[in-house]
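Structure first, then comments.
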Amino acid sequence: MTDRAQIVTIPCLGDNYAFLLHDPESGRTALVDAPEAGPIQAELDARGWTLSDILITHHHDDHIQAVAALRGAGQARVWGAGADRERLPRLDHELAEGDTVRIGGLSGRVIEVPGHTIGHIAFHFPDAGAVFTADSLMALGCGRLFEGSAEQMWDSLQKLAALPPETLVCSGHEYTMSNAKFALSIEPQNAALISRIEKIRAARAEDTPTVPSKLADELATNPFLRAHLDDLKSGIGMSGQPDVEVFAEIRARKDRF
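See below:
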């Protein structure tokens with residue numbers, strides 16, 4: 001959150017997150033993904049905000065199933081990947097890499113991040129200090145490769161890793177504790193990871209979301225962003241191997257974990 005924007009994290013469906021992005025100057029409010037109408041509408045009502053835009057990251061039901069209920073009689077504009085239009089709700093704006101999304105005075109850039117799905121996109125709003133990544137880059141993890149390849153996901157993660165380190169990573173699920181346990185199996189001596197796990201435990205004990213997270217913390221602790229590091233490669237017996245092959249091995253291990 002910055003002086004120019006408000007971000008609200010909304011738990012949905014047990015372990016999903018939706019996000020509201022509000023521009024106080026214009027009064028416009030965007031929703032990023034729509035897992036469940038009830039909690040989202042309740043948050044809008046409590047704050048006196050009217051939904052002006054719905055930004056869709058990818059086609060999975062737990063991210064789009066409440067779009068119809070929340071778009072109302074057409075007053076909320078729906079934005080999503082043009083390349084995936086056949087699997088998304090009706091779009092008012094079709095998006096591709098580098099396109100701009102404007103929410104009042106807030107300007108966001110579209111980043112194509114295939115891997116979890118082929119048509120997955122993320123939204124980077126520099127003025128809000130946030131990137132909305134859904135199931136691409138996640139807190140201490142990344143999404144399963146349901147449709148894309150390891151090469152695609154590794155490239156996607158490199159795009160996100162290049163953002164300013166203070167950026168808030170607004171990801172789509174409360175998987176952080178299970179991701180943390182896996183991360184520790186990859187880097188058991190990572191002091192930053194060990195410290196972060198203690199904070200995660202404390203947050204979850206109070207039923208506090210661990211999302212969003214800071215990109216700087218992900219760079220220091222998320223094994224899926226660290227596959228290029230010599231120490232990590234050595235630790236899993238892959239010294240000298242190409243970064244993408246190390247990433248693929250880490251992803252395969254997580255799938256079996």
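Everything in the sequence shown is counted per UniProt numbering, starting at 1 for the first residue and increasing by one.
A virtual CB, placed ideally from N, CA and C, is assigned to each residue, including glycine.
From a predicted model like this one, the values you see are computed outputs, not experimental measurements.
| Query | Result |
| --- | --- |
| Should the stretch 67-78 be called in touch with the stretch 120-127, which here means at least 3 C-beta pairs below 8 Å? | no |
| Give me the Cα-Cα distance between Val110 and Leu20, rounded to the nearest whole angstrom. | 17 Å |
| Name the DSSP bridge partner or partners of Ala80? | According to the sequence as given, residue 80 is Gly; it is not Ala. Answer by DSSP bridge pairing, in chain order: Glu94. |
| Tell whether a beta-carbon distance below 7 Å holds between Ser195 and Thr133. | no |
| In this structure, does DSSP put Thr100 in helix, strand or coil? | strand |
| Take every Cβ of the stretch 42-55, pair it with every Cβ of the stretch 149-169, and state whether three or more of those distances are shorter than 8 Å. | no |
| Tell me whether the beta-carbon of residue 273 lies closer than 7 Å to the beta-carbon of Leu91. | The question about residue 273 has no answer, for the chain in this structure spans 1 to 257. |
| Rounded to the nearest angstrom, how far is the Cβ of Lys254 from that of Val246, given a contact under 8 Å? | About 13 Å; that fails the 8 Å criterion. |
| Pull up the distance between the alpha-carbon of Arg4 and that of His22, whole angstroms please. | 9 Å |
| In this structure, what does DSSP give as the bridge partners for Gln6? | His22 |
| DSSP three-state label for Leu157, please. | helix |
| Residues in the same chain with beta-carbon distance under 8 Å from Met238, minus the five sequence neighbours each way, listed in chain order, please. | Glu245, Val246, Glu249 |
| For Phe132, name the three-state secondary structure that DSSP assigns. | strand |
| Among Thr100, Ser149, Ile103, Gln41, which residue has its Cα nearest to the Cα of Thr117? | Ser149 |
| What span of residues does the alpha helix (DSSP H) with Ile194 cover, start to end? | 191-205 |
| By alpha-carbon positions, which one of Pro209, Gly108, Glu206, Arg144 ends up nearest to Phe224? | Arg144 |
| Is any beta-carbon of chain D found at less than 7 Å from that of Glu166? | The structure shown has no chain D; it contains just one protein chain. |
| Comparing C-alpha positions only, which one of Met138, Val113, Ala191 sits nearest to Glu151? | Val113 |
| On the three-state DSSP scale, how would you describe Leu145? | coil |
| Pull up the distance between the alpha-carbon of Leu168 and that of Ile7, whole angstroms please. | 10 Å |
| Within its chain, find whatever has a CB closer than 7 Å to the CB of Ser26; leave out the 5 residues flanking it on each side and keep chain order. | Gly104, Gly105 |
| Spell out the partners DSSP gives His59 in its beta bridges. | Paired residues: none, contrary to the question. |
| If you draw a straight line from the C-alpha of Val78 to the C-alpha of Val32, how long is it? | 10 Å |
| Just the Cα atoms here: how many angstroms apart are Asp243 and Leu95? | 30 Å |
| Would Arg226 be called buried (16 or more neighbouring beta carbons within 10 Å of its own) or exposed? | buried |
| Please report the Cβ distance between Ala18 and Pro35, rounded to the nearest whole angstrom; I am assuming they are in contact, meaning their Cβ atoms lie under 8 Å. | 6 Å |
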